[in-house]
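Colleague:
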Amino acid sequence: MTVLFYICAALAILAALNVIRQRTPVYSALSLIVVLCALALVYLLLGAEFMAVIQVIVYAGAIMVLFVFVIMLLNAGKETSRQRSRLARWLGVPLVTAFLAEILIAVWSQFPPVAASPPPPPDGSPAAIGTLLFRSYVLPFEVTSILILVAVLGAVVLAKKEF
Amino acid sequence: MGTFSETTVLLAVAAVKIAFVLVFLLTAIAYLTWLERKVVAHIQARWGPYLVGPHGLLQPVADGIKFIMKEDIVPLEADRVTYWLAPFLGFVLAFLSIAVIPFGGSFTFRGLRIQAQITDVNVGLLFVFAVTSLGVYSVALAGWSSNSKYPLFGALRSSAQMISYELSLGLAVVGVIMMAGTLSLRGIVDAQSGFWHIGRVNTWLPHWNIFAQPLGFFIYFTSAVAETNRVPFDLPEGETELVGGFHTEYSSMKFAMFFISEYANMVTVSCLATLLFFGGWHGPVFGPALLQVLLPVFWFCAKVFCFLFFYIWMRGTLPRFRYDQLMSFGWKFLLPLGLLNILLTSLAIAWHEAP
Numbered sequence: 383m384t385v386l387f388y389i390c391a392a393l394a395i396l397a398a399l400n401v402i403r404q405r406t407p408v409y410s411a412l413s414l415i416v417v418l419c420a421l422a423l424v425y426l427l428l429g430a431e432f433m434a435v436i437q438v439i440v441y442a443g444a445i446m447v448l449f450v451f452v453i454m455l456l457n458a459g460k461e462t463s464r465q466r467s468r469l470a471r472w473l474g475v476p477l478v479t480a481f482l483a484e485i486l487i488a489v490w491s492q493f494p495p496v497a498a499s500p501p502p503p504p505d506g507s508p509a510a511i512g513t514l515l516f517r518s519y520v521l522p523f524e525v526t527s528i529l530i531l532v533a534v535l536g537a538v539v540l541a542k543k544e545f
Numbered sequence: 002m003g004t005f006s007e008t009t010v011l012l013a014v015a016a017v018k019i020a021f022v023l024v025f026l027l028t029a030i031a032y033l034t035w036l037e038r039k040v041v042a043h044i045q046a047r048w049g050p051y052l053v054g055p056h057g058l059l060q061p062v063a064d065g066i067k068f069i070m071k072e073d074i075v076p077l078e079a080d081r082v083t084y085w086l087a088p089f090l091g092f093v094l095a096f097l098s099i100a101v102i103p104f105g106g107s108f109t110f111r112g113l114r115i116q117a118q119i120t121d122v123n124v125g126l127l128f129v130f131a132v133t134s135l136g137v138y139s140v141a142l143a144g145w146s147s148n149s150k151y152p153l154f155g156a157l158r159s160s161a162q163m164i165s166y167e168l169s170l171g172l173a174v175v176g177v178i179m180m181a182g183t184l185s186l187r188g189i190v191d192a193q194s195g196f197w198h199i200g201r202v203n204t205w206l207p208h209w210n211i212f213a214q215p216l217g218f219f220i221y222f223t224s225a226v227a228e229t230n231r232v233p234f235d236l237p238e239g240e241t242e243l244v245g246g247f248h249t250e251y252s253s254m255k256f257a258m259f260f261i262s263e264y265a266n267m268v269t270v271s272c273l274a275t276l277l278f279f280g281g282w283h284g285p286v287f288g289p290a291l292l293q294v295l296l297p298v299f300w301f302c303a304k305v306f307c308f309l310f311f312y313i314w315m316r317g318t319l320p321r322f323r324y325d326q327l328m329s330f331g332w333k334f335l336l337p338l339g340l341l342n343i344l345l346t347s348l349a350i351a352w353h354e355a356p
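Keeping their order, the protein sequence lines are chains A and B. If you count the first sequence from 1, you need to add 382 to reach our numbering. If you count the second sequence from 1, you need to add 1 to reach our numbering.
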């Protein structure tokens with residue numbers, strides 16, 4: 383299990399690096415799909431089959447298809463290297479440092495494992511998630527649904543204007 | 002058995018099952034192409050393949066040799082990596098979903114309980130949908146990487162069609178999931194054993210979902226045909242307008258891989274239709290122990306075969322849709338119908354379970 387986790391994690395990180403390294407948009411998008419699938423595998427290793435499958439269906443299957451679709455439709459070729467933005471240099475480096483430091487602290491604080499045996503993983507079955515969503519978190523769930531509905535309507539209105 | 006550890010035995014059983022299913026599936030696909038040519042030929046009052054072997058039965062072998070021997074032409078302007086990736090991706094994904102398809106009950110062999118299924122995932126149905134939703138990339142990448150006009154158009158059409166019909170495909174099975182109360186394919190089939198009862202009267206109708214979900218089945222099968230890009234929804238490869246669709250620039254074995262994955266997808270979709278709506282492997286079972294193990298598998302295969310025949314029958318009968326009609330049919334008819342089916346099913350379940 384641990385070996386599989388490290389393989390998936392390494393795959394996710396390498397693919398994530400490849401997303402920003404690639405100059406061809408389609409390759410970047412494909413690498414992002416690999417990242418999402420690797421994350422789904424990590425969910426699977428945690429015993430959350432439902433989350434893993436939903437991750438693949440929604441992110442890798444639906445959202446990324448639209449990305450690839452648009453890239454193909456625009457027939458975007460190679461990215462031409464332009465002047466690097468100055469904002470990235472002055473803001474990016476400190477932010478990345480802060481982010482990495484934060485992760486390092488989080489990992490470090492876990493290092494001598496506090497509990498001898500880790501707590502049992504929460505129930506990841508569809509029934510358990512459904513009960514949680516429709517009992518304890520019904521308000522956030524409904525609010526999110528309305529938000530998405532508004533976004534859909536907005537997208538339709540914006541698309542209609544073109545014609 | 003005592004000399005081997007439990008893990009070794011489990012792995013060995015899994016390996017045997019995978020090998021058996023793969024060989025069976027590949028042979029079935031090869032003869033599905035033969036069946037299609039034969040049936041379509043007879044529908045059109047022709048003979049079909051007749052020369053290679055008796056009734057052309059060796060034609061799939063000859064076709065296989067032909068595909069291997071042919072020159073593999075890669076377009077000069079093609080994007081090499083994705084051009085290679087696309088057929089392999091489609092091939093792997095097409096065969097991946099068969100891993101969770103149960104094709105029979107379970108039996109005990111030398112104290113070892115064996116299920117007629119490669120692996121029983123408790124979200125099996127969603128797993129199939131996840132794998133199917135990734136299949137779009139194979140088509141999209143094939144069209145894009147060929148760097149040619151018609152494949153690109155074909156791929157755009159194809160992926161738009163697959164994305165659209167995936168929605169109604171997903172909505173159509175929600176009714177079945179609500180009735181079974183599980184996402185496991187084995188669980189869904191188990192919920193369909195026995196007969197329908199009205200009150201206390203046995204109607205002797207098998208307890209299959211088709212009788213409770215006719216609307217769901219109609220939506221499922223229509224979307225499934227569109228999802229697999231078959232007639233009458235085979236717009237992506239409409240020869241008259243797009244040459245050959247997304248695989249125009251592919252030749253030799255790579256083309257064969259697209260071909261095989263299309264047929265594998267047909268088999269998967271027919272398996273799902275059998276499992277979800279036609280009671281899976283349930284059927285009359287009798288006789289000695291061996292027959293009791295084999296008969297369910299036979300019933301399952303027979304039902305799947307009926308669907309595959311129906312696919313071919315439709316190809317020989319129906320004309321092609323127009324592309325805009327296809328899109329509006331999916332979005333404006335099947336999708337609302339799917340939502341209506343969910344509403345009706347939930348009302349019926351609430352009515353049934355009301356105190």
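A virtual CB, placed ideally from N, CA and C, is assigned to each residue, including glycine.
Taking 7 Å as the CB-CB cut-off, is Val175 (chain B) touching chain A?
Modeller: Translated into positions along the second sequence, residue 175 (chain B) becomes position 174. Val175 (chain B) does not count as touching chain A.
Colleague: I need the DSSP call for His208 (chain B), collapsed to helix, strand or coil.
Modeller: In the second sequence, counting from the first residue as 1, residue 208 (chain B) sits at position 207. Three-state result, His208 (chain B): coil.
Colleague: Answer with buried or exposed for Pro61 (chain B), where buried requires no fewer than 16 other C-beta atoms within 10 angstroms of its C-beta.
Modeller: If you number the second sequence from 1, residue 61 (chain B) lands on position 60. So Pro61 (chain B) counts as buried.
Colleague: Closest to Gly176 (chain B) by C-alpha separation, out of B:Ala355, B:Ala351, B:Thr346, B:Ile350, would be which residue?
Modeller: On the second sequence, residue 176 (chain B) is found 175 positions in, with the first residue counted as 1. Residue B:Thr346 is the option with its Cα nearest to Gly176 (chain B).
Colleague: Output the boundary residues of the alpha helix (DSSP H) element that contains Leu184 (chain B).
Modeller: Numbered from its first residue, the second sequence carries residue 184 (chain B) at position 183. Careful: Leu184 (chain B) lies outside any alpha helix (DSSP H) and carries neither H nor E.
Colleague: Let me check understanding here. Comparing Cα to Cα, which of B:Leu172, B:Phe92, B:Gly112 lies closest to Tyr137 (chain B)?
Modeller: Stepping through the second sequence from its first residue, residue 137 (chain B) is reached at position 136. A small fix is needed here, since residue 137 (chain B) is Val in this sequence, not Tyr. Closest by alpha carbon: B:Phe92.
Colleague: Counting only beta-carbon atoms, is Met454 (chain A) nearer than 7 Å to chain B?
Modeller: Position 72 of the first sequence holds residue 454 (chain A). With 7 Å as the cut-off, Met454 (chain A) counts as an interface residue toward chain B.
Colleague: With burial defined as no fewer than 16 other Cβ atoms inside 10 Å of the residue's Cβ, what is the status of His283 (chain B): buried or exposed?
Modeller: Looking up residue 283 (chain B) in the second sequence gives position 282. Looking at its Cβ environment, which holds 16 or more other Cβ atoms inside 10 Å, His283 (chain B) is buried.
Colleague: Spatial neighbours of Val401 (chain A) within its chain, please: CB distance less than 6 Å, with the 5 preceding and 5 following residues excluded, ordered by chain position.
Modeller: Mapped onto the first sequence, residue 401 (chain A) falls at position 19. Cβ within range, chain order: Ser410, Ser413, Leu414.
Colleague: With H, G and I counted as helix, E and B as strand and the rest as coil, what does DSSP make of Ile528 (chain A)?
Modeller: Counting from one through the first sequence, the residue named residue 528 (chain A) turns up at place 146. Note: Ile528 (chain A) maps to helix in three-state DSSP.
Colleague: How close, in whole Å, do the beta carbons of Leu327 (chain B) and Gln162 (chain B) come, if the pair is a contact with beta carbons under 8 Å?
Modeller: Residue numbering aside, residue 327 (chain B) sits at position 326 when the second sequence is read from its first letter. Residue numbering aside, residue 162 (chain B) sits at position 161 when the second sequence is read from its first letter. Going by Cβ atoms, the distance from Leu327 (chain B) to Gln162 (chain B) rounds to 7 Å, so yes, they are a contact pair.
Colleague: Taking 8 Å as the limit between beta carbons, can you name the residues of its chain near Ile343 (chain B), skipping five residues before and five after?
Modeller: Your numbering for residue 343 (chain B) matches position 342 in the second sequence. The residues are Leu172, Val175, Gly176, Met179.
Colleague: For Phe306 (chain B), name the three-state secondary structure that DSSP assigns.
Modeller: On the second sequence, position 305 is the one that residue 306 (chain B) refers to. Helix, per DSSP.
Colleague: Based on DSSP bridge pairs, tell me the residues matched to Gln116 (chain B).
Modeller: Taking the second sequence and counting its residues from 1, one reaches residue 116 (chain B) at position 115. In the DSSP output, where bridge partners are listed per residue, Gln116 (chain B) has B:Ser107.
Colleague: With distance defined between alpha-carbon atoms, name the residue in B:Trp35, B:Gly245, B:Ala63 nearest to Leu153 (chain B).
Modeller: Taking the second sequence and counting its residues from 1, one reaches residue 153 (chain B) at position 152. Nearest option by C-alpha distance: B:Gly245.
Colleague: If Trp197 (chain B) and Phe279 (chain B) are in contact, beta carbons under 8 Å, what's the gap, nearest whole angstrom?
Modeller: Numbered from 1 along the second sequence, position 196 holds the residue referred to as residue 197 (chain B). Numbered from 1 along the second sequence, position 278 holds the residue referred to as residue 279 (chain B). Between Phe279 (chain B) and Trp197 (chain B) the Cβ distance is about 14 Å, and since that is not below 8 Å, they are no contact.
Colleague: Helix, strand or coil: which one does DSSP assign to Val177 (chain B)?
Modeller: The count along the second sequence starts at 1 and reaches residue 177 (chain B) at position 176. Helix at Val177 (chain B).
Colleague: Closest to Ala143 (chain B) by C-alpha separation, out of B:Gly331, B:Ala20, B:Ile66, B:Met258, would be which residue?
Modeller: Start at 1 with the first residue of the second sequence, and residue 143 (chain B) comes out as number 142. The shortest Cα separation from Ala143 (chain B) among B:Gly331, B:Ala20, B:Ile66, B:Met258 belongs to B:Met258.
Colleague: Return the residue from the list B:Val101, B:Pro337, B:Ala290, B:Arg231 that minimises the CA-CA distance to Phe322 (chain B).
Modeller: As a first step, residue 322 (chain B) must be located in the second sequence, where it is residue number 321. Considering only alpha carbons, the answer is B:Arg231.
Colleague: Starting from His43 (chain B), trace the alpha helix (DSSP H) both ways and give me its first and last residue.
Modeller: Within the second sequence, residue 43 (chain B) is the residue found at index 42, counting from 1. Looking at the DSSP string, the run of the alpha helix (DSSP H) that includes His43 (chain B) is 7-44.
Colleague: Report yes if the CB atom of Phe301 (chain B) is closer than 7 Å to the CB atom of Phe104 (chain B), and no otherwise.
Modeller: As a first step, residue 301 (chain B) must be located in the second sequence, where it is residue number 300. As a first step, residue 104 (chain B) must be located in the second sequence, where it is residue number 103. Their beta carbons are under 7 Å apart, which means Phe301 (chain B) touches Phe104 (chain B) by this criterion.
Colleague: Starting from the Cα of Phe432 (chain A), find the closest Cα among B:Leu348, B:Val124, B:Tyr151 and give me that residue.
Modeller: For the purposes of this step, residue 432 (chain A) is taken as the residue at position 50 of the first sequence. Of the listed residues, the one whose Cα sits closest to Phe432 (chain A) is B:Val124.
Colleague: Which residues, taken in chain order from the region 178-199 of chain B, show a beta carbon closer than 8 Å to some beta carbon of chain A?
Modeller: So the list reads Leu184, given in the order they occur along the chain.
Colleague: What do you get for Trp35 (chain B), buried or exposed, if any count of 16 or more other CB atoms within 10 angstroms of its CB means buried?
Modeller: The residue given as residue 35 (chain B) occupies position 34 in the second sequence. Buried, since its Cβ has 16 or more Cβ neighbours within 10 Å.
Colleague: Kindly give me the distance between the Cβ atoms of Val129 (chain B) and Leu273 (chain B), rounded to whole angstroms, as I take these residues to be in contact under 8 Å.
Modeller: Counted from its first residue, the second sequence places residue 129 (chain B) at position 128. Counted from its first residue, the second sequence places residue 273 (chain B) at position 272. Indeed they touch by this definition, with Cβ atoms about 6 Å apart.
Colleague: Could you tell me whether any Cβ in chain A is nearer than 7 Å to the Cβ of Ser160 (chain B)?
Modeller: For the purposes of this step, residue 160 (chain B) is identified with residue 159 of the second sequence, where counting begins at 1. Yes, contact with chain A.
Colleague: Answer with yes or no whether the minimum CB distance from Glu431 (chain A) to chain B is below 7 Å.
Modeller: For the purposes of this step, residue 431 (chain A) is taken as the residue at position 49 of the first sequence. Interface residue, yes.
Colleague: To the nearest angstrom, how far is the alpha carbon of Leu296 (chain B) from that of Val286 (chain B)?
Modeller: Counted from its first residue, the second sequence places residue 296 (chain B) at position 295. Counted from its first residue, the second sequence places residue 286 (chain B) at position 285. Their backbone Cα atoms lie some 6 Å apart in a straight line.
Colleague: Under a Cβ-count criterion, where at least 16 other Cβ atoms within 10 Å of its own Cβ denotes burial, should Asp235 (chain B) be classed as buried or exposed?
Modeller: Here residue 235 (chain B) is taken as the residue at index 234 of the second sequence, counted from 1. Buried, because 16 or more other Cβ atoms sit within 10 Å of the Cβ of Asp235 (chain B).
Colleague: Starting from Ser134 (chain B), find everything on chain A with Cβ-Cβ shorter than 8 Å and list it in chain order.
Modeller: Start at 1 with the first residue of the second sequence, and residue 134 (chain B) comes out as number 133. Correct list: Val438, Ile439, Ala442, Gly443, Ala444, Val447.
Colleague: Look at Ile115 (chain B) and Ala100 (chain B) and say whether their C-beta atoms are less than 7 Å apart.
Modeller: Translated into positions along the second sequence, residue 115 (chain B) becomes position 114. Translated into positions along the second sequence, residue 100 (chain B) becomes position 99. Not a contact, by the Cβ cut-off of 7 Å.
Colleague: Following the continuous alpha helix (DSSP H) through Phe451 (chain A), name the residue where it begins and the one where it ends.
Modeller: Position 69 of the first sequence, counted from the start, is the residue given in the question as residue 451 (chain A). Note, Phe451 (chain A): alpha helix (DSSP H), 446-456.
Colleague: Short of 9 Å Cβ to Cβ, which residues in the region 138-152 of chain B face chain A?
Modeller: For the region 138-152 of chain B, which is checked against every Cβ of chain A, the residues closer than 9 Å are Tyr138, Ala141, Leu142, Gly144, Trp145, Ser146.
Colleague: Just to confirm the assignment, what range does the alpha helix (DSSP H) spanning Ile199 (chain B) have?
Modeller: Position 198 of the second sequence, counting from 1, holds the residue named residue 199 (chain B). Not the alpha helix (DSSP H): Ile199 (chain B) falls in the beta strand (DSSP E), residues 196-199.
Colleague: Which of the residues in the region 202-236 of chain B, read from start to end, lie with their CB under 7 Å from any CB of chain A?
Modeller: Taking 7 Å as the Cβ-Cβ cut-off against chain A, none of the residues of the region 202-236 of chain B qualify.
Colleague: I need the DSSP call for Met2 (chain B), collapsed to helix, strand or coil.
Modeller: Taking the second sequence and counting its residues from 1, the one referred to as residue 2 (chain B) is at position 1. Below a pLDDT of 50, predicted positions are generally treated as unreliable, and Met2 (chain B), at 45, falls in that range; the measurement from the model is reported next regardless. If DSSP states are grouped into helix, strand and coil, Met2 (chain B) belongs with coil.
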